[in-house]
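With my numbering applied, the sequence shown covers 4 to 694.
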Amino acid sequence: MNKLFLTATLLVSGFLVFAQGGDRFFPPSQLTTVGAYYYPEHWDSSQWERDIRKMAEMGFEFTHFAEFAWAQLEPEEGKYDFAWLDKAVALAAKYNLGVVMCTSTATPPVWLTRKHPEILMRNEDGTLYDHGARQHASFSSSFYRSYSLKMVEELARRYGQDARIIGWQLDNEPRKFMDFSNDAHQRFRDWLREKYQTIDALNKAWGTSFWSALYSSFDQINIPRPSQWGTNYHQRLDHSHFADHETASFLDAQARVIRKHASPAQWITSNYIPMYDVGYIGQSRELDFVSYTRYMVYGGDRGIGRKGYRLGEYTRIGMANDFFRPLKGYYGVMELQPGQVNWGTVNSQPLPGAVSLWLWHVFAGGSRFTCTYRFRAPTYGYEQYHYGIVGPDGVTPTPGGLEFSLFTREVEKLRKNYDPKAQLPSRYTKRKAALLFDAGNVMAINMNPQTREWNTEGHFLKYYRALKSFGAPVDFIRDTARFEDYPVLIVPALQQVNRAVLEKLKAYAAGGGHLVMTVRTGHQDQNGHFWEAPFAAPTREIMGADIEFYDLLPSHAPDSVVYNRKKYGWTSWGEILKPHSGTETWATFSGDFYAGKAAVTHHRLGKGTVTYLGVDSRSGDLEKDILLKLYRQLRIPVENYPPGILVEYRDGFGIALNYSDKPYEMTLREQAKIMTGTRVINPGGVLVWKE
Ligand code: GAL
């Protein structure tokens, strides 16, 4: 067994009290570890040893099995076949690779689908999904749930006490679905009954007096149809919460079954696509941590400069790091693109070095591991043309494969230089900021954006990018977090809010925190109703201002706000503010009938301050300049990294990444010892040093 995993196991059995959180499974001195997916069932068994040996030789420390193999694990109902998997696990162990075991629930076998077609999801128009793809079964189907759990239990019985298995991945990229099956309808009604208890309470929450939508029984309620115009907003919101619950509760059920049999040394996670308008990520309480999957070059992002698409958009990894880590205090990345993919809109080659840049970026966020999909490029099936660590011949490393391999050697070097007592530089930690995030709120805004100029994630990113250009560590946090841990807390567009959260925000500022609130915050209560009061009434005292009205501009007619004699264009959302006495006006609207009125305000609240940005600028420059003023006022020195230059610290190492199209020269402290890269970092390059 791999030495590093053995250490983790010893830690679990011997020093459980001392090893907490991620350290329980991933010893800190290991820093990070790298793995690759392998599908033994795709290849002739005579090749398995060659492949697994190669994986180990390339520096990988773990592999990942049984992700889509239910048909091979349970070829007939109740008849399990683990012989092939036993053989693959033994080979992994022979070459010192730990194994992540998957639950295969994303691909039910045909015997199950044919015997119980009711396990399939149903489209809005009534058509059923069918066998032959993946993720076609319904998380709401009780048959599917019970058959899945039976198979998962057999797997856990077989491998739960097996020290070669380091952890479990549940399902694959679990999502939530619009499923119109009978079971989904039934469970939606049950969920509503549990939430509201009486139909009167539901009628009130959904505002069904509007358009004669009144219900007299839960059984009359259906799943809202996306194609139907004008369906009740509150019903759609509730359905979305319900769908989150279906995903989260299915994973929890799987985790509970595994825990019955598994040793505490084995961790349990799932691999989520980072999406910020879904509530299921972080909702499955039984998981030890959450991991994410990331593909950077797929035709979707321009990146920076003409060839930026070959590196991808840096916030896609940055924000995912800073979003997943705070959920459980640590995280891993389960899939990181090894090269070209097959499913994008344009599947370009990543820039040579891009894979390495992404690996270091994941590392910089504090990740405990990075795994890649997949070791061997597929030669058949839906994912032809998808790269692997080795090409379709099964033996020749791809450029991305070599970058993975090099990374494992560089990590070895870092491990040798690891100092357990190393602290994060105080100039870095002083800048720390949090963004308050609530998935339900994002979903609610996206369902009812009011203007096509608005982009919720884009709004968050304006603040995120500004903070990253300052060189600040950032956490996305929930309203249950300790706000006091952050000198600066940004509350972007928290449209739906309950009074308890507002009280908590007020107490944070009053206690000395620096609160930054932005447009749309506090407009609605947690049911999505406006307050029967002036607009955003409960936030006014915290803001130190009233909102006179809000305005939305068409894209062809932007207007501007003026801050410090500089003009900033905007279209998407403007709130025309009336400061209370004692509140400063930092920026004003210009160019329209409300020219001269306040757009950004700032006031003291107890020992802290509240800054309110009543406008969403087009470029994000206003957000950056206002945050800069705040940081200056707080006497927190910040950097001014150009767009695409990121600098983070972990475990005594500094990591600088260049996603821009120009070389960047990094200034290091004298005693800094370069571990990899050069002080002048070329586009796509990385510099890692010991502080
Ligand atoms: C991921 C998925 C993997 C594989 C990969 C291809 O989204 O989780 O199973 O399909 O895409 O790039």
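Here a beta-carbon is modelled for each residue, glycine too, at the ideal position from N, C-alpha and C.
* What's the call for Phe21, buried or exposed, on a 16-neighbour Cβ count within 10 Å? -> Locating residue 21 in the sequence shown gives position 18, where the first residue counts as 1. Its pLDDT being 49, under 50, Phe21 is placed unreliably by the model, and nothing is read from it.
* Asked: DSSP on Asp203, reduced to helix/strand/coil?
  -> Along the sequence shown, one-based indexing puts residue 203 at 200. Reduced to three states, the DSSP call for Asp203 is helix.
* Return the chain-ordered list of same chain residues with a C-beta closer than 8 Å to the C-beta of Leu464, the five sequence neighbours on each side being excluded. => Indexing the sequence shown from 1 puts residue 464 at position 461. Thr318, Met322, Gly623, listed in sequence order.
* For Trp457, count neighbouring Cβ atoms within 10 angstroms of its own Cβ and tell me buried if that reaches 16, exposed if not. => Numbered from its first residue, the sequence shown carries residue 457 at position 454. By the 10 Å Cβ count, Trp457 comes out buried.
* Paired residues, beta bridge with His605 - DSSP -> Position 602 of the sequence shown, counted from the start, is the residue given in the question as residue 605. DSSP output for His605 lists Glu587, Thr614 as bridge partner(s).
* Is the region 36-56 close to the region 82-99, with three or more CB pairs under 8 Å? -> With a cut-off of 8 Å, the region 82-99 and the region 36-56 count as touching, because enough Cβ pairs lie within range.
* To do: Buried or exposed for Asn643, please, with buried defined as at least 16 other CB atoms from any protein chain shown within 10 angstroms of its CB.
  => As a first step, residue 643 must be located in the sequence shown, where it is residue number 640. The residue is exposed, with fewer than 16 neighbouring Cβ atoms inside 10 Å.
* **Own chain, CB closer than 8 Å to Gln343, minus 5 neighbours either side, in chain order** => Numbered from its first residue, the sequence shown carries residue 343 at position 340. Hits under 8 Å: Val300, Asn350, Ser351, Gln352, Pro353, Tyr388, His389, Tyr390.
* Asked: Under a three-way DSSP split, which group does Tyr150 fall into?
  -> In the sequence shown, counting from the first residue as 1, residue 150 sits at position 147. Three-state DSSP puts Tyr150 in a helix.
* To do: Determine the closest residue to Gly129 out of Glu64, Gln138, Trp214, Arg228, with distance taken between C-alpha atoms.
  => For the purposes of this step, residue 129 is identified with residue 126 of the sequence shown, where counting begins at 1. Comparing Cα-Cα distances from Gly129 to each of Glu64, Gln138, Trp214, Arg228, the minimum goes to Arg228.
* Asked: Does DSSP put Ala11 in a helix, a strand or coil?
  -> Taking the first residue of the sequence shown as position 1, residue 11 is located at position 8. Interpretation of Ala11 is limited by its pLDDT of 44, a score under 50 that renders its predicted location unreliable; the figure taken from the coordinates is listed afterwards. Reduced to three states, the DSSP call for Ala11 is helix.
* Asked: Within the chosen definition, does the region 400-416 reach the region 53-62 through at least 3 CB pairs nearer than 8 Å?
  -> Yes: the two stretches touch, three or more of their Cβ pairs being nearer than 8 Å.
* To do: Over the uninterrupted beta strand (DSSP E) stretch that includes Thr296, give me the two end residues.
  => Taking the first residue of the sequence shown as position 1, residue 296 is located at position 293. Per DSSP, Thr296 belongs to the beta strand (DSSP E) from 293-297.
* Tell me whether Val344 counts as near ligand 1, meaning its Cβ is closer than 7 Å to at least one heavy atom of that ligand. => Taking the first residue of the sequence shown as 1, we reach residue 344 at position 341. It does: the Cβ of Val344 is within 7 Å (strictly closer) of some heavy atom of ligand 1.
* Asked: Does the distance from the C-beta atom of Leu195 to that of Phe221 stay below 8 Å?
  -> In the sequence shown, residue 195 corresponds to position 192, counting from 1. In the sequence shown, residue 221 corresponds to position 218, counting from 1. Yes, Cβ-Cβ distance for Leu195 and Phe221 is below 8 Å.
* To do: Indicate whether the contact test is met: 3 or more Cβ pairs, each with one atom in the region 422-430 and one in the region 580-596, closer than 8 Å.
  => no
* Write down every uninterrupted run of the beta strand (DSSP E) in the region 366-438 whose length is 3 residues or greater and which is fully enclosed by it, in chain order. => 372-375
* Nearest-angstrom Cα separation, counted from Ala93 out to Tyr467 -> As a first step, residue 467 is located in the sequence shown; it is residue number 464 there, counting from the start. As a first step, residue 93 is located in the sequence shown; it is residue number 90 there, counting from the start. C-alpha separation (whole angstroms): 45 Å.
* Asked: Trp171: buried (16+ other C-beta within 10 angstroms of its C-beta) or exposed?
  -> Reading the sequence shown from its first residue, position 168 is the one you call residue 171. That one is buried.
* **Per DSSP, cross-strand counterpart(s) of Lys198** => For the purposes of this step, residue 198 is taken as residue 195 along the sequence shown, with counting starting at 1. Partner(s): none; Lys198 has no beta bridge.
* To do: Below 7 Å CB to CB, which residues in the same chain sit around Ala513 once its five sequence neighbours on both sides are set aside?
  => Position 510 of the sequence shown holds residue 513. Result list for Ala513: Leu608, Gly609, Lys610, Gly611, in chain order.
* Asked: Under the rule that 16 or more other beta-carbon atoms within 10 Å means buried, what is Ala598, buried or exposed?
  -> Counted from its first residue, the sequence shown places residue 598 at position 595. Ala598 sits exposed, since fewer than 16 C-beta atoms from the chains shown fall within 10 Å of its C-beta.
* Go ahead and pull the three-state DSSP assignment for Tyr634. => Translated into positions along the sequence shown, residue 634 becomes position 631. If DSSP states are grouped into helix, strand and coil, Tyr634 belongs with the helices.
* **Exposure label - Asp478; buried when at least 16 CB within 10 Å** => For this step, residue 478 is matched to residue 475 along the sequence shown. Buried: at least 16 other Cβ atoms inside 10 Å.
* At a cut of 8 Å, does the region 366-379 reach the region 635-653 through at least three beta carbon pairs? -> yes
* To do: Identify the continuous beta strand (DSSP E) that holds Ile648 and give its terminal residues.
  => Walking along the sequence shown from the start, residue 648 turns up at place 645. Where Ile648 is concerned, the enclosing beta strand (DSSP E) stretches over 648-653.
* Contacts around Asp441, its chain only, beta-carbon distance under 8 Å, and the 5 residues preceding and following it disregarded -> Taking the sequence shown and counting its residues from 1, the one referred to as residue 441 is at position 438. Excluding positions up to five away in sequence, the list reads Arg481, Asp482, Leu497, Gln499.
* Roughly how many angstroms separate the alpha carbons of Phe71 and Ala208, rounded to a whole number? -> What you label residue 71 is simply residue 68 of the sequence shown in a count that begins at 1. What you label residue 208 is simply residue 205 of the sequence shown in a count that begins at 1. Whole-angstrom Cα-Cα distance: 41 Å.
* If we ignore side chains and look at the alpha-carbon of each, how far apart do Cys374 and Gly303 end up? -> Against the sequence shown, residue 374 aligns to sequence position 371. Against the sequence shown, residue 303 aligns to sequence position 300. Roughly 22 Å between the two C-alpha positions.
* To do: Consider the C-beta atom of Thr296 and the heavy atoms of ligand 1; say whether any pair is separated by less than 7 Å.
  => Stepping through the sequence shown from its first residue, residue 296 is reached at position 293. Thr296 Cβ: within cutoff of ligand 1.
* Hey, how far is the Cα of Pro686 from the Cα of Ser359? -> Position 683 of the sequence shown holds residue 686. Position 356 of the sequence shown holds residue 359. Pro686 and Ser359: Cα-Cα distance of roughly 12 Å.
* Asked: Under the criterion of a Cβ to heavy atom distance below 7 Å, does Asn350 qualify as lining ligand 1?
  -> Your numbering for residue 350 matches position 347 in the sequence shown. Flag unset: Cβ of Asn350 not near ligand 1.
* Asked: Which runs of the alpha helix (DSSP H) fall wholly inside the region 94-128 and span at least 4 residues, in chain order?
  -> 113-118
* Asked: For Arg259, is the classification buried or exposed, using 16 other Cβ atoms within 10 angstroms of its Cβ as the cut-off for buried?
  -> To locate residue 259, count along the sequence shown from 1; it is residue 256. Exposed, because fewer than 16 other Cβ atoms sit within 10 Å of the Cβ of Arg259.
* Can you give me the Cβ contacts of Phe538 inside the same chain, cut-off strictly under 6 Å, excluding the 5 residues immediately before and after it? => Residue mapping note: residue 538 aligns to position 535 of the sequence shown, counting from 1. Result list for Phe538: Ile550, in chain order.
* Same chain, Cβ closer than 7 Å to Thr12, five either side skipped, listed in chain order -> On the sequence shown, residue 12 is found 9 positions in, with the first residue counted as 1. Because the pLDDT at Thr12 is just 42, under 50, the model does not fix this residue reliably, and the value given afterwards should be weighed accordingly. Same-chain partners within the cutoff: Ala166, Ala268.
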